Every structure is written in structure tokens, then in C-alpha cells.
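Asks: In terms of my numbering, the first sequence opens at residue 38 and continues consecutively.
I'd like to ask some things about the structure below.
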Amino acid sequence: MTAMRLRFAPSPTGALHIGGARTALFNWLLARGSGGQLVLRIEDTDRERSTPQNVAQIIDALRWLEIDWDEGPVMQSERAERHRQELTRLLDQGHAYRSSATAEDVKAYKATHGAERGFRGQPEAEGAVRLRVGEEGATVVHDVIRGETVFEHRHLDDPVIARADGTPLYNFAVAIDDLDAGVTHVVRGEDHLSNTPKQLLVLEALGAPQPLYAHLPLLHGPDGKKLSKRHGAASVQELRRAGYLPQAVRNYIALLGWGSESDQTILSTKELVDQFALERVSRNPARFDEAKLRWMNGVYIRSLTPPQLATAVEGFLEHERPDAAAAVRADPQRLQQAARITQEKVQSLAEFWPLSGFLFEDREIEPRARERWLDAKGTMSLREARRALAAIEPQDFGEQRVQQALEALVQRLSVKPGQVYQPLRVAICGSTTSPGIFESVSLLGREQTLRRVDVALGDGGA
RNA sequence: GCCGCCAUCGUCUAGGGGACUAGGACGCCGCCCUCUCACGGCGGUAACACGGGUUCGAAUCCCGUUGGCGGUACCA
């Protein structure tokens, strides 16, 4: 594959959304797969909505996703001189003209000339700069994903490419920037397809070479509407906060609008790089389905070694629950063991603390759990369990020994296992769900276990 | 309104004229495993938007309709 020059060019008007993340990923996969480069450009020419905070947030999100770039970030606003230069050329050569026509004027024009008729302004001394679009002919967008789309010039308005004060507008700046950056492939969302002829026309007026285009299908929320907060985690930041692993997010969003030839669902980043091809990208819009991401995240969590999971959990807690992070950091050994026994029970990093935090802190017993399992019968079982566990020497308090003791008790009492395990579970973790009871008890340790049982029994502590 | 893009299970998709009684994954349902929750295993549910063509033959090609989406800013 020949090396491709790609670019990811977000506008810093908000957080990096899932759609933007996918665009970034696709560009990155192409760059890495072809031995090419990826340029990061920040399109901040919208002075109203662009903020440095958003820039920082986008860069942070890309780093978290482990998507890196070879050049940039290039600030579009810092290229004003270049833009002005080319704008002047266009004006001088008569490819563009100034016009004070407003959106209202365009509307009025269409009312008399027909709605499908492109607007043509009269050159004036002042006003915004419009690119002259010919009456005849058409501009054809050759899209790697969609094939050819023909835009007839007579339907196109003379687009405004710069404000009256000379500052460039998107469709102009983007054409110049892609040109100067030597971009070979413009891979972006389908919402830009209608913009492409304008950019092509700018390039043509400049006598400049044109890149290849690939317009990705748009991403929607579960209801088919535009993705928004309402749909849960819609930005990369939110995904991170929800406890997803970056590699899982990469795998999942790669599958939105693309599928490997082998029909594989779980693909490592290397496999993604090796297998991704623009030619296999779908033309249909896709919906973001968090249920599948959750499942996939679980698969990735289970594929981690306990030390790796421990590290991920710690990083997550540091970000989301500093208090819990401190507790967990105080006992790295236990954290690793906790990771081991929790691994197959969670689908996100966020579930770790609720499920296994009891290994690091005392917890109130949930009222419903107490009601259900610490009644007269449960209390009796719990006393028996306490006795059985107390009989184990502290240094023998391993999983096997705990299991033996408890299983023997179940047998002796001739009750269902749950009749012994559930009250014990509730006593040590405050809830009816936890990692396996033998592992949990053993990890908690003899002393802590007995103490918590006593508290639950009302025999000690408070 | 106008210009344009798109249309296979609920969702992501495979499919590029006969291999399709339409395959995979998630979800959902059932069974098994089982100390809770999960994991895992097995099985099941479920789709070619509609109408015309073209063809011996269409999910696959063409046209139309409908629907969804995008653009239509001195936003990006």
C-alpha cells in the first residue's frame, strides 16, 4: 500500500464525540496501515464557538484513545496569512468577487429565479467574498466509498468563502489547508459531502491538485436521531468516565460502518490496522449501540491479566473516585487479587468499586439484603459459619481451606448452599451480590471476616 | 422548498445475478453450569421498505414511491 497523507480536523466547538472519534480512528488506521502520516488540524476559525478548553479536551480524548499524529496540532487560525494570500489571488484573477448580498438576498433571488437555481451575485467594491461558479458543467466528487456524485453548477450558489473583513470561511480554509499539508485522502463525515464541490472549485480556481475523498456514513443515537447527551455517553470523555477501555472503544467504533472481511468481531488494534480498508466502509448510517460496547468492553476486561486490570482500575478510580483510589493504592497486593476475582463479573471499570470495594472499606448492610438473609434462620446459619471459619488457623485462611470449611458446614446442616453463603455474603459485603464467596472471604481475611460477621450479628462493634 | 446521500434481523453487519430454505456479532428468549452476580456452553427468535422493470433467474442491476439523514450561514 502506498503511503497516505491523512488529516483529522475537528473544530473545537465542543467535546470530541463518538462520530469524531471514529473519523479520527479511521484516518489513523489508514495512516498506520499505509506507512503514511496523520496531520492533526484544529479548525478554529469560528471565533464565537471555539475555545482553548475544547482544544485541550479533544487532544486529551485522542491521547486517551491512543490515537497519535505525526504533525500538528496545526491551528487553522494561525494560517490566516496564507489564506489571505490565496484569497487575494482568487480576487485578482476574477475567480472570486465581493458582494454585499445577504442570506435574505439569496432567498429573494431564488424566489424569482427558481429554488433549484444557484445564486449569482453582482461584483461590488465591498462585502463578503464569493467564489464564482460557472453556469455550465458540473463538479464531480470521486468518492472512494460512494463512487461519483455529480453536482451541477447551475444548482450551486456562488459560495461565500471569506467574510467582509477578509477572514476565511470553512470551505475555503479547508481547501487551502489540505492542499498545503499535502493531504492525499480527505476522510471525514458524510455531512461534508455537499461541501466537497465548493472545496473542489476552490482548488480548481487555484489550479491546484485535488485530493481523493472518502465520506463516512454518519453516526446516530439508538433512536436514529442525532447523537446527543440524551443517549447516554456520547463523547469520548463520557465513555472514559463510564469505565470503558480505550482498546474496546477503538474496536467497537471501528465496527461502526466497517466490517472485517473475516467477519471477526473482536479485533486487536494491530488487526484493525492491518485489515482496515476504505473500500469496505459501508454507505449506511450507523447507530451507536452501547449494549454492544458494554459486552465488548467485558471481553477486553476479561482478556487482561490481573495486574493489568489492577492498573486500569486504579487509573479509573484516580480519575473518578479519588477516595477509592487512595484505599486501593494502600494495598496493591489486595487490589490485584480483587481484580482477579472480579474480572469475570464486570463489563466496565466503573463496576469494580461497587462490587468489590468492600474488600477495602466497611460497608453498611443494605436494608433489603438484611431483611432477606439476616432473619432468624439466616442469623443461625451465620453463627455456624462464624464458628467454622474461626476454627481455621489464620495462616491457613486460603480459598481452598475456606471452601472446605463452608462446604462441610452446608453438608452438616443439610441446607441449600445459599442458606449459608448468602447470610455470610451479606455480612461481609453488605450486599447480595459479590465475587465468589470463598475468594471473597479468604481475601478479606480471617480477622476482618469475623469482625464483620460479629457486627452483622449485633455481637460486637457498634 | 431546493440540492444531495442512504435503505438486509431491534442494533452493527456479510452479501456485489444462480453457492440464500439470506451468514456472523450484540440484544432478547429457553436450557445447561452455578454460592449471589456474572462468565461459559447449547439451542431459539428475528431482516432483504414498497411498486414497477431488466433477466431463464434479483437481496444483488435500472426507474419510481416512501422513509431516514445531510447540505442549503459573512458556522464548521
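For glycine and all other residues, C-beta sits at the position ideal for the given N, C-alpha and C.
A quick note: this is a predicted structure, and the numbers were derived from the prediction, not measured.
Assign K263 to one of three DSSP states: helix, strand, or coil.
Replies: If DSSP states are grouped into helix, strand and coil, K263 belongs with the strands.
Asks: V170 by DSSP, collapsed to three states: which one?
Replies: V170 falls in the coil class under three-state DSSP.
Asks: Alpha carbon to alpha carbon, how far is A251 from T204?
Replies: Those two C-alpha atoms are separated by around 28 angstroms.
Asks: So, P254 versus D215, is the Cβ gap smaller than 8 angstroms?
Replies: No; because the gap between Cβ atoms is not below 8 angstroms, this pair is not in contact.
Asks: Evaluate contact between the region 85-101 and the region 41-56, counting only Cβ atoms and requiring at least three cross-stretch pairs below 8 angstroms.
Replies: Segments in contact, yes.
Asks: Exposed or buried, which one is G244 when buried takes at least 16 other CB atoms within 10 Å?
Replies: Under this definition G244 is an exposed residue.
Asks: Grouping DSSP H, G and I as helix and E and B as strand, with all else coil, what is A201?
Replies: Note: A201 maps to coil in three-state DSSP.
Asks: Tell whether a beta-carbon distance below 8 angstroms holds between R324 and P259.
Replies: Cβ distance < 8 angstroms, so R324 and P259 count as in contact.
Asks: Between which two residues does the beta strand (DSSP E) harbouring F389 extend?
Replies: It is not in any beta strand (DSSP E) - F389 instead sits in the alpha helix (DSSP H) that spans F389 to S393.
Asks: Look at the alpha carbon of G495 and the alpha carbon of A413, and state the distance between them as a whole number of angstroms.
Replies: Cα to Cα, the separation comes out at about 13 angstroms.
Asks: Going along the chain, which residues of its own chain have a beta-carbon closer than 6 angstroms to the beta-carbon of F475, five neighbours each way excluded?
Replies: The answer, listed in chain order, is E436, V439 and Q440.
Asks: Return the CA-CA distance between Q378 and R449, expressed in angstroms with no decimal places.
Replies: Before going on, a small fix: residue 378 reads as Ile here, not Gln. Their backbone Cα atoms lie some 28 angstroms apart in a straight line.
Asks: Out of Q236, V211 and R462, which one is the CA nearest neighbour of H179?
Replies: If we check each option's Cα against that of H179, Q236 comes out closest.
Asks: Thinking C-alpha only, which one of Q312, S305 and A285 is nearest W295?
Replies: Comparing Cα-Cα distances from W295 to each of Q312, S305 and A285, the minimum goes to Q312.
Asks: Return helix, strand or coil for R44, following the three-state DSSP convention.
Replies: The answer is strand: DSSP assigns R44 an E or B state.
Asks: I'd like the span of the alpha helix (DSSP H) that includes I290, first residue to last.
Replies: Taken as a continuous stretch (DSSP letters only), the alpha helix (DSSP H) holding I290 covers P283 to A291.
Asks: Would you give the residue range spanned by the beta strand (DSSP E) that L249 belongs to?
Replies: First-last of the beta strand (DSSP E) with L249: L249 to L253.
Asks: Apart from the five residues on each side of it in sequence, which residues of its chain come closer than 7 angstroms, Cβ to Cβ, to P196?
Replies: Within the same chain, P196 has close Cβ partners R167, L168, N208 and K235.
Asks: Going straight from the alpha carbon of L481 to that of F389, what length do you get?
Replies: Going by the C-alpha atoms only, they are around 16 angstroms apart.
Asks: List the DSSP bridge partners of Y542.
Replies: Residue 542 cannot be examined here, being either before or after the span of the chain that is shown, 38 to 499.
Asks: Rounded to the nearest angstrom, how far is the Cβ of A218 from that of R69, given a contact under 8 angstroms?
Replies: Actually they are not in contact, since the Cβ atoms of A218 and R69 sit about 18 angstroms apart, beyond 8 angstroms.
Asks: Under a three-way DSSP split, which group does D491 fall into?
Replies: DSSP places D491 in helix when its eight states are reduced to three.
Asks: Quick one: measure Cβ to Cβ for L75 and W65, integer angstroms, because I've assumed they're closer than 8 angstroms.
Replies: Sure, about 6 angstroms apart at Cβ, within 8 angstroms.
Asks: Going by DSSP in three states, I55 sits in which element: helix, strand or coil?
Replies: Helix, per DSSP.
Asks: Closer than 7 angstroms by C-beta to G109: which residues in its own chain qualify, once you throw out the five before and the five after it? Chain order, please.
Replies: Result list for G109: V76, L77 and R78, in chain order.
Asks: What does the Cβ neighbour count give for H150, buried or exposed, with the cut at 16 atoms within 10 Å?
Replies: The residue in question, H150, is exposed, as its Cβ has fewer than 16 Cβ neighbours within 10 Å.
Asks: Going residue by residue through the region 404-484, where are the continuous beta strand (DSSP E) segments of at least 3 residues, counting only ones entirely within it?
Replies: Complete beta strand (DSSP E) runs here, min 3: none at all.
Asks: Between the C-alpha atoms of D491 and Y458, what's the straight-line distance to the nearest angstrom?
Replies: Computed Cα separation, rounded: 16 angstroms.
Asks: Check this for me: beta carbons of L315 and L99, under 8 angstroms apart or not?
Replies: Going by C-beta atoms, L315 is not nearer than 8 angstroms to L99.
Asks: Return yes when the Cβ of G473 is within less than 8 angstroms of the Cβ of F353, no when it is not.
Replies: Contact flag unset, no.
Asks: Between S136 and A162, which are expected to be in contact by the criterion C-beta below 8 angstroms, what is the C-beta distance as a whole number of angstroms?
Replies: Wrong, their Cβ atoms sit about 10 angstroms apart, outside the cutoff.
Asks: In this structure, does DSSP put V177 in helix, strand or coil?
Replies: Strand at V177.
Asks: Could you tell me whether the Cβ atoms of V239 and D194 are closer together than 8 angstroms?
Replies: No, Cβ-Cβ distance for V239 and D194 is not below 8 angstroms.
Asks: In or out: V187 buried (at least 16 other Cβ within 10 Å) or exposed?
Replies: V187 is exposed by the Cβ-count criterion.
Asks: Identify the residues that DSSP records as bridge partners of M112: which are they?
Replies: Paired residues: I79.
Asks: Between I402 and the rest of its own chain, which residues show a CB-CB distance below 7 angstroms, the 5 nearest in sequence each way excluded?
Replies: So the list reads V463, G467 and A493, once near-sequence residues are dropped.
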